[in-house]
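Mapped onto the numbering used here, the consecutive letters of the sequence shown carry residue numbers 400 to 735.
Glycine residues also receive a C-beta, built at the ideal position from the N, C-alpha and C atoms.
These numbers come from a predicted model, not from an experiment.
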Amino acid sequence: MKAWQLKGFGLENLKLENINIPTPGSHDVLIKVGAVSLNFRDKAIVEGIYEPDMVPNPLIPVSDAAGTIVQIGEGVTRFKIGDRVTSHLYSKWIEGAPGPNEPDFCFGSPLPGGLAEYMVMHEDSAVMTPSTLTDEEASTLPIAALTAWYSLVTYGKLKKGDTVLIQGTGGVSIFGIQIASALGAKVIVTTSSDEKGLRARKLGAKEVINYIKTTDWAAEVQKLTNGKGVDQLLEVVGGEGLNDSVQATKVTGQISVIGFMAGQTTNLNLMEVIFRQTKIQGIAVGNRKAFEEMNKAFDDLAIKPVIDTVYPMEDAVKAYQHLSRGAFGKIVINIS
Ligand SMILES: NC(=O)c1ccc[n+]([C@@H]2O[C@H](COP(=O)([O-])OP(=O)(O)OC[C@H]3O[C@@H](n4cnc5c(N)ncnc54)[C@H](OP(=O)(O)O)[C@@H]3O)[C@@H](O)[C@H]2O)c1
400 MKAWQLKGFG LENLKLENIN IPTPGSHDVL IKVGAVSLNF RDKAIVEGIY EPDMVPNPLI
460 PVSDAAGTIV QIGEGVTRFK IGDRVTSHLY SKWIEGAPGP NEPDFCFGSP LPGGLAEYMV
520 MHEDSAVMTP STLTDEEAST LPIAALTAWY SLVTYGKLKK GDTVLIQGTG GVSIFGIQIA
580 SALGAKVIVT TSSDEKGLRA RKLGAKEVIN YIKTTDWAAE VQKLTNGKGV DQLLEVVGGE
640 GLNDSVQATK VTGQISVIGF MAGQTTNLNL MEVIFRQTKI QGIAVGNRKA FEEMNKAFDD
700 LAIKPVIDTV YPMEDAVKAY QHLSRGAFGK IVINIS
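Encoded structure:
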């Protein structure tokens, strides 16, 4: 099969090669990959800044893949040949709380990823693809969509009429806007771009704050919520801005700590957190049970992932470069 292999850090070491199709074990399924989508994690793995000691050489990169089962091991009971499935990043985290070593079993490092014509995985590590989505659309779900869903719905118990602040218009955030508005929440979005703000409104956002023009965006959120603050906030920025997020969130509201674009550490004013009784919830994507619940909701609510660009398999390097430049919606690579 054709497979991209990472043979050292740096995009220049990503090579398209011919290698053997993997053989499924007794509880494995072999998937003819239809499409993969890129996340910040995939880029960081190639650049050698994401758990570099865990990255095998060579590695078939990219965790998020969707395709069709073409072969199954003799012990497989969850799926049959012909089923359309999507990969589940934390491949052994099925339900409940995560185990201590879930990162050891993630696709796209250290386990092989989907940037190849075929991908093998344990039957427990796949979910049925939503029937209303193509492989290109479904490939965007495993990290970006599930992270937003797990924050808002699994931990956040989002209700109709809740207010939600979503930071930015990146991959996780766009899914956050779509999921929260489809479930009847009032969504406020912060963005650096008025043009992206308009696009966020088309996806369901009710209010948009340009965080470049309105630097005290937390005060603006307070105004928009009659001095109360939002019920939930998706923190993709991190760093010192976490203090603003506490101000923008209502007393006893939840901040889902997802990203660290502005820094992996913060000086947090604990007195504000104490007096406001803010719930600060760390997020690491989500478990398979939540993924399956989310897929049903995507079918029921007709949520369609936003894709910026689809690249052919041969142009995978261009796809990574596009991710580095930024996008509105997901960057997808078609493998079929
Ligand atoms: N914990 C987890 O499970 C998990 C899962 C997925 C991702 N992540 C992390 O979450 C972060 C976002 O991931 P992604 O894939 O969504 O990234 P992305 O697609 O690259 O989007 C990043 C967006 O962040 C926004 N942004 C940057 N600085 C901002 C600021 N000061 N205020 C508001 N928005 C700001 C920008 O929005 P505008 O262009 O609109 O300004 C930008 O488009 C990354 O740090 C990633 O590693 C964590």
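Top-ranked residue by Cα proximity to residue i, from the options
| i | options | result |
| --- | --- | --- |
| D463 | S592, A617, G603, A537 | A537 |
| K479 | M527, V586, V716, D698 | M527 |
| T664 | N456, K688, G638, K649 | G638 |
| L405 | C505, G626, A515, L488 | A515 |
| P704 | T476, L540, L510, G725 | L540 |
| K491 | G472, H521, T485, G474 | H521 |
| T476 | H426, V672, F674 | H426 |
| Y610 | E446, G409, T590, N417 | T590 |
| K605 | T613, T562, N642 | T562 |
| N625 | T648, M453, N668, L641 | T648 |
| M453 | G409, K442, V684, S508 | S508 |
| L510 | L532, M400, P457, M693 | P457 |
| I418 | D523, W403, V552, S572 | W403 |
| D441 | N666, F408, V552 | F408 |
| K558 | N668, A584, L545 | A584 |
| L582 | I657, N668, F674, M693 | M693 |
| K695 | L545, I673, V672 | L545 |
| A701 | Q680, S572, P529 | P529 |
Inter-residue spacing [alpha-carbon to alpha-carbon] between residue i and residue j
| i | j | result |
| --- | --- | --- |
| T568 | K595 | 7 Å |
| Q470 | L564 | 44 Å |
| A713 | V461 | Just to set this straight, residue 713 is Glu in the shown sequence, not Ala. So the two alpha carbons sit approximately 15 Å from each other. |
| H487 | L632 | 25 Å |
| A547 | I578 | 8 Å |
| V620 | G628 | 6 Å |
| P421 | D503 | 20 Å |
| R549 | E535 | Before going on, a small fix: residue 549 reads as Tyr here, not Arg. Straight-line Cα distance between these residues: approximately 22 Å. |
| E473 | G466 | 20 Å |
| V709 | I730 | 6 Å |
| S580 | C505 | 30 Å |
| P423 | I468 | 11 Å |
| R483 | D593 | 38 Å |
| S723 | G640 | 23 Å |
| E691 | D630 | 25 Å |
| D615 | Q646 | 10 Å |
| Q566 | G658 | 10 Å |
| V485 | Y449 | The amino acid occupying residue 485 in the given sequence is Thr; Val does not appear at that position. Their backbone Cα atoms lie some 23 Å apart in a straight line. |
| Q680 | L551 | 11 Å |
| I673 | G560 | 26 Å |
| A715 | H721 | 10 Å |
Residue i vs residue j beta-carbon contact at 8 Å
| i | j | result |
| --- | --- | --- |
| N412 | G570 | no |
| I430 | Y517 | yes |
| A525 | F574 | no |
| I734 | G433 | yes |
| A661 | V636 | yes |
| E494 | K688 | yes |
| I682 | S644 | no |
| I751 | I576 | Residue numbering for the chain in the displayed model covers 400 to 735; residue 751 lies beyond these limits and cannot be assessed. |
| Q653 | K622 | no |
| Y489 | P497 | yes |
| F697 | T531 | yes |
| G685 | T533 | no |
| G513 | V428 | no |
| L415 | K401 | yes |
| N642 | L669 | no |
Secondary structure of residue i, DSSP reduced to three states
| i | result |
| --- | --- |
| L738 | What is shown of the chain runs 400 to 735, which leaves residue 738 out entirely. |
| L582 | coil |
| F659 | coil |
| W403 | strand |
| E473 | coil |
| L429 | strand |
| T528 | coil |
| P711 | strand |
| S436 | strand |
| F506 | strand |
| K601 | helix |
| H521 | strand |
| Y489 | strand |
| G652 | strand |
| L557 | coil |
| Q577 | helix |
Classification of residue i by the beta-carbon crowding that lies within 10 angstroms, buried from 16 upward
| i | result |
| --- | --- |
| T651 | exposed |
| E634 | buried |
| L597 | exposed |
| G481 | exposed |
| T613 | exposed |
| L602 | buried |
| G555 | buried |
CB contact below 8 Å: residue i versus chain E
| i | result |
| --- | --- |
| K401 | Among the chains in the structure shown there is no chain E, since it carries only a single protein chain. |
Residue i beta carbon near ligand 2 (any heavy atom closer than 7 Å)
| i | result |
| --- | --- |
| I444 | Looking at this structure, you won't find ligand 2 anywhere; what it does contain is ligand 1. |
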